[in-house]
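Protein sequence lines correspond, in order, to chains A and B.
Note that the UniProt record's numbering gives residue 293 to position 293 of the first sequence, counting from 1, and the numbers run on in steps of one.
Note that the UniProt record's numbering gives residue 194 to position 194 of the second sequence, counting from 1, and the numbers run on in steps of one.
All residues carry an ideal CB built from backbone N, CA and C; glycine is no exception.
Report on the structure given below.
There are 2 protein chains.
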Amino acid sequence: MTVTLADVAARARVSPATVSRVLNGNYPVAESTRERVLRAVDELDYVLNGPASSLAAATSDLVGVLVHDIADPFFGVMASAAQSSIGEGGSGRGGGEKLAVVCNTGGSPERELTYLTLLQRQRAAAVILMGGSLEDPEHLAATTGKLAKLAEAGTRVVLCGRPPVTGDANAAALVFDNRGGARRLTEHLLELGHRHIGYAAGPADRTTTRHRLEGHRAALTAAGIAEGPTVHGPYDRQAGYRATAELLARDPDLTAVVAANDTVALGVCAALRERGLSIPGDVSVAGFDDLPFSVDAVPSLTTVHLPLHEAGTRAGRLAMGTEDPPAGGLARVPAELVVRGSTGRPRG
Amino acid sequence: MTVTLADVAARARVSPATVSRVLNGNYPVAESTRERVLRAVDELDYVLNGPASSLAAATSDLVGVLVHDIADPFFGVMASAAQSSIGEGGSGRGGGEKLAVVCNTGGSPERELTYLTLLQRQRAAAVILMGGSLEDPEHLAATTGKLAKLAEAGTRVVLCGRPPVTGDANAAALVFDNRGGARRLTEHLLELGHRHIGYAAGPADRTTTRHRLEGHRAALTAAGIAEGPTVHGPYDRQAGYRATAELLARDPDLTAVVAANDTVALGVCAALRERGLSIPGDVSVAGFDDLPFSVDAVPSLTTVHLPLHEAGTRAGRLAMGTEDPPAGGLARVPAELVVRGSTGRPRG
DNA sequence: GCCTCGATAGAAAGCGCTTTCCATCGGCGA
DNA sequence: TCGCCGATGGAAAGCGCTTTCTATCGAGGC
C-alpha cells in the first residue's frame with residue numbers, strides 16, 4: 001500500500017496534525033520535531049496525496065494556462081514564461097510549487113469552456129487566459145459567466161493579451177497595444193511613400209484582429225490615404241500565402257502588405273517570391289509580434305515587437321499573487337515598431 | 001456556498017449514491033431517475049469536486065505531458081497532438097475528458113523530477129515524457145526509480161522520443177529512428193560529393209544527440225570518409241550561428257554543415273550568409289526534424305522528417321489506454337530524408 | 001509560591017465523493 | 001399462490017488530509 005501521512009506520524013512518533021504542519025510550514029513546530037518528521041518522510045519515501053490535501057484545504061496548487069495553440073510560438077513563448085514565473089514562486093499548499101498546466105483550446109470556445117470547467121472542478125488556484133477572444137456575444141457571455149464563477153470560488157483569473165469584458169472586474173488583465181502598434185506600423189509604410197497597402201488580416205471575429213485593423217485604418221485615415229484590400233484568414237503561413245494572391249488580384253498596384261502576424265508574413269513573402277516579386281524592392285512586407293524567427297527571415301521582417309516574455313512572466317506572477325494587480329485591473333503592454341529589412345521605399 | 005453532490009441528491013429526491021452513479025455512468029440507473037438527476041445538476045449548476053472525487057476513487061483524470069521546451073515547435077507540435085488525442089478520448093472518471101497538462105522542464109532533470117512528483121501527488125492517470133533524456137547515470141537512476149513508482153501506483157507511463165532504460169519495462173515507448181535518419185542524411189551529402197562535412201551537434205550528454213551523431217559517423221565510416229569537425233551546443237539558433245564560426249575555423253574547406261535540428265540550421269545559414277557564403281553554392285546545410293518553418297526557409301531546408309504529429313497522437317492514445325502498447329513496449333518511428341534546396345553539389 | 005501566558009502538540013471533526021454491501025420491489029416460473 | 005431473481009436505489013464506511021479547539025508544559029510576573 002501507499003504510505004500515508006498517518007504512517008509518517010507513527011514513525012516520527014507524533015500526531016498526523018504535526019506532520020501536516022511540518023509539511024505546510026504554516027504553524028510553529030519545534031526544530032527537533034520537524035527534523036524527526038522530515039526524516040520519517042524521507043525514510044518512508046512519502047508523497048503527499050494531492051487530492052486529499054486539496055479536498056481538505058478546499059484549493060489546489062494547479063494553475064491553468066489556456067492558449068489557442070501551443071505549437072504557435074506566440075503562445076509558446078508566453079506560456080513558457082508564465083510557467084517559469086509560476087514555478088519559481090512561493091511555496092504553495094502541499095509544501096511546494098504550483099503546477100502550471102498548459103491547455104490547448106485550439107481557439108475553440110467550446111474547448112475553452114471545457115477546460116475552464118475541468119479547472120473549476122480541480123479547484124485550480126488560478127487560471128490564465130492567453131490570446132484574444134471571439135467577439136461573438138453568446139460565447140462572450142458564457143465565458144464571462146464561467147470566469148465570474150471561478151473568481152467567486154477563489155480562483156484568480158488573469159487575462160493576458162485578451163481584453164477584459166465589462167463587468168469582468170475580478171480579473172487582472174494585461175492587454176497589448178495592438179491598435180497603437182498597428183498604427184505605427186502603417187505610419188511607417190506611409191512615411192516610406194507607400195500608397196497601396198494590402199492587409200492580410202487574422203480571423204474576422206477576434207478582438208486582436210479588430211484592434212490591429214483599427215490601428216491600421218486610423219493611420220490611413222489620418223494621412224488621408226484610401227484603404228487597400230483586406231483579406232481575413234487564420235494565423236498560419238498558408239493564410240498569408242493565399243491572401244497574397246487575392247490582395248494582388250484586388251489591387252495590382254500594391255507596394256506593401258501588412259500581415260496579421262509574423263507567421264502570416266512568412267507566407268506572404270513566399271507567395272511574392274514565387275511570383276518573382278522582390279522584397280522589399282517590389283513589395284514591402286510587415287509582420288506583427290516579433291516572434292523569434294522574424295529576425296532570421298530573409299529579408300529580416302519589419303514588425304511590431306510585443307514583449308511576450310515579460311507579459312507571460314507578469315501573468316504568472318499575477319496568477320501567483322506575487323505581483324499586485326494593476327490599478328483598475330488592467331495594464332497596457334506597449335507594442336514597439338521594429339524596422340528591419342522587409343520594408344523599404346516603393347519603386348518610382 | 002458551493003453546490004455539492006448532496007444538494008443535487010436532495011433536489012432530485014434521490015440518494016447521493018445515485019447521483020454519483022449517474023455522473024459516472026458505471027452502474028444501472030433507471031432512465032427517469034437519470035433524467036431527474038441531470039435536471040437537478042443543470043438547475044443547480046453543479047460542478048463536481050475533482051479532488052474529492054479523485055480522493056475517493058484513488059485516481060484522477062490528469063495526464064501530464066513533460067516537454068523540454070514548450071516554445072520549441074518540436075515539442076509544441078507533439079504536445080499539441082497528444083493533447084488533442086487525449087481530449088477526444090473516452091469519458092474518464094468524473095463524467096468527462098481527461099485534462100492533459102503540459103509541463104515545461106526546460107531540459108532540467110531537477111524540474112523533471114519535481115514535475116513527476118507533483119503528478120504523482122495528484123495521482124495522475126498517465127504521464128508522457130517527450131524528448132531525449134540526459135545520459136548521466138545518476139539522473140537516469142533517479143528518473144527511472146520515479147517512473148517505476150508511478151507505474152506501480154497505477155499511472156501509465158509513455159515515453160515519446162525518449163529511449164527506454166533497461167528495466168523500464170512498464171513504460172510504453174515510441175522512439176524516433178534518429179540514427180537511421182542521420183545516416184541517410186549524411187549519405188545524401190556524400191552522394192552529392194561532399195568530403196568535408198561539419199557537424200553542429202546538440203547538447204553533448206543527451207541520447208538524441210548521441211544517436212544522430214552515431215548515424216552520421218556510420219555513414220562516414222561506411223564511405224571511408226574522414227569525420228569533419230563537430231561542435232556541441234543547445235538547440236537554438238544562436239548555437240548554430242556560433243558553431244558555424246568554429247567549424248569553419250577548424251576546417252576552412254568545409255562544403256557542408258549538418259545541424260542538430262532545423263532551428264540550429266537556421267543559425268548556421270545566417271552565419272554563412274553573413275560571411276558571404278551562398279547556400280548551397282558554397283556550403284550545403286542540412287537540418288533535422290522537418291519543423292513547420294523549414295519549408296519556408298530560404299533556401300528551403302533539406303532535413304529529416306520526423307512524424308511529430310503522429311507520434312504525439314499515438315503517445316496520447318497510449319496514455320489514454322485507447323491504443324494497445326506496442327509489442328515489447330517499444331515502437332520505432334521512422335525518420336525520412338527530405339531533400340530540399342539547402343543542399344547541392346559542392347563546387348569544383 | 002501561585003497564576004498567567006506563550007509555545008507546542010494532540011484529538012477529532014469534517015472536506016465531498018465513491019463504492020460495497022443491503023434492502024426493496026415487481027415479475028415470473030413452478 | 002409462493003419463492004426467487006434481476007433491476008434499482010439507499011446507507012454508510014471510508015479515501016487521506018487540514019484545521020479548529022484543547023491540552024500540556026515551562027517560564028516569568030506578582
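For residue i, the three-state DSSP class (helix, strand or coil)
i                      : result
B:D42                  : helix
B:E336                 : strand
B:R93                  : Note that B:R93 scores 42 on pLDDT, short of 50, meaning its location in the model is unreliable and no value can be drawn from it.
B:G64                  : strand
B:V304                 : strand
A:L192                 : helix
B:T221                 : helix
A:V101                 : strand
A:G344                 : coil
A:D289                 : strand
A:V22                  : helix
A:R156                 : strand
B:H211                 : helix
residue 385 of chain B : Because chain B in this structure spans residues 1 to 348, residue 385 of chain B falls outside the shown range and cannot be described.
A:T4                   : coil
Terminal residues of the alpha helix (DSSP H) in which residue i lies
i      : result
B:E138 : P137 to E152
B:G198 : Segment I197 to A201 is the beta strand (DSSP E) holding B:G198; no alpha helix (DSSP H) there.
B:A271 : D262 to E274
A:R206 : Neither: A:R206 is in no alpha helix (DSSP H) and is coded neither H nor E.
A:T244 : R237 to R250
B:R13  : Element bounds for B:R13: n/a, residue is neither H nor E.
B:F74  : P73 to G87
B:R121 : P109 to R121
B:A173 : Segment A171 to F176 is the beta strand (DSSP E) holding B:A173; no alpha helix (DSSP H) there.
B:L55  : G50 to A57
Partners in chain A for residue i, counting only beta-carbon separations shorter than 7 Å
i      : result
B:T117 : V47
B:N104 : S80 and Q83
B:S54  : P51
Chain-ordered chain A contacts of residue i [CB-CB under 9 Å]
i      : result
B:Q238 : Near B:Q238 there are no residues of chain A at all, since even the closest Cβ is about 11 Å away, more than 9 Å.
B:D69  : G76 and S80
Residue i versus the options, residue with shortest Cα-Cα distance
i      : options                           : result
A:R273 : A:N261, A:P292, A:D290 and A:G240 : A:G240
A:M78  : A:G344, A:G321, A:G316 and A:D324 : A:G316
B:R195 : B:L301, B:D253 and B:A249         : B:D253
A:L118 : B:D69, B:Y46 and B:I128           : B:Y46
A:N170 : A:D324, A:T2 and A:G281           : A:D324
B:E310 : B:E138, B:D61 and B:Q83           : B:Q83
A:P299 : B:G25, B:V165, B:A270 and B:P73   : B:A270
A:A201 : A:G329, A:T143, A:D61 and A:A243  : A:A243
A:V264 : A:R237, A:L190, A:A40 and A:A286  : A:R237
B:G132 : B:N26, B:T105 and B:G161          : B:G161
B:E336 : B:L185, B:E138, B:N26 and B:Y235  : B:L185
B:T313 : B:A222, B:S80 and B:I225          : B:S80
Spatial neighbours of residue i in its chain, beta-carbon cut-off 6 Å, leaving aside the 5 residues before and after
i      : result
A:A277 : This sequence places Leu at residue 277 of chain A; Ala is not what is there. For A:L277, where only same-chain residues beyond five positions count, the Cβ hits under 6 Å are V283.
A:G107 : H68
B:T4   : none
A:A319 : V63, A126, I128, R156 and V158
A:V19  : L5, V8, A9 and V37
A:V338 : D290, T303 and H305
Same chain, Cβ closer than 7 Å to residue i, five either side skipped, listed in chain order
i      : result
B:A71  : none
B:R332 : V175 and D177
B:G328 : none
B:V29  : T18, R21 and V22
Proximal residues of chain B, C-beta to C-beta of residue i below 9 Å
i      : result
A:L266 : F293 and D296
A:R123 : N49, G50 and P51
A:S342 : Simply none; closest approach about 12 Å.
Neighbour list for residue i in chain A, Cβ cutoff strictly below 8 Å
i      : result
B:S284 : Within chain A, no residue comes near B:S284; the closest Cβ sits about 17 Å away, beyond 8 Å.
B:P73  : A71, P73 and G76
Residues that residue i contacts on chain B, provided the C-beta gap is smaller than 8 Å
i      : result
A:T2   : A153
A:A270 : D296
A:V127 : Chain B residues near A:V127: none, gap ~13 Å exceeds 8 Å.
Limits of the unbroken beta strand (DSSP E) element including residue i
i      : result
A:A297 : Here A:A297 belongs to no beta strand (DSSP E), and DSSP marks it neither H nor E.
B:I128 : A126 to M130
Nonlocal neighbours in the same chain, by C-beta distance under 8 Å from residue i, ignoring five residues either side
i      : result
A:R93  : Any answer about A:R93 is weak, because its pLDDT of 42 lies below 50 and its placement is not dependable; what the coordinates show is given next. Around A:R93: N24, S53, S54, A57, T59, S60 and D61.
B:L189 : I197, A256, V258, S284, A286 and T343
A:A142 : P109 and L113
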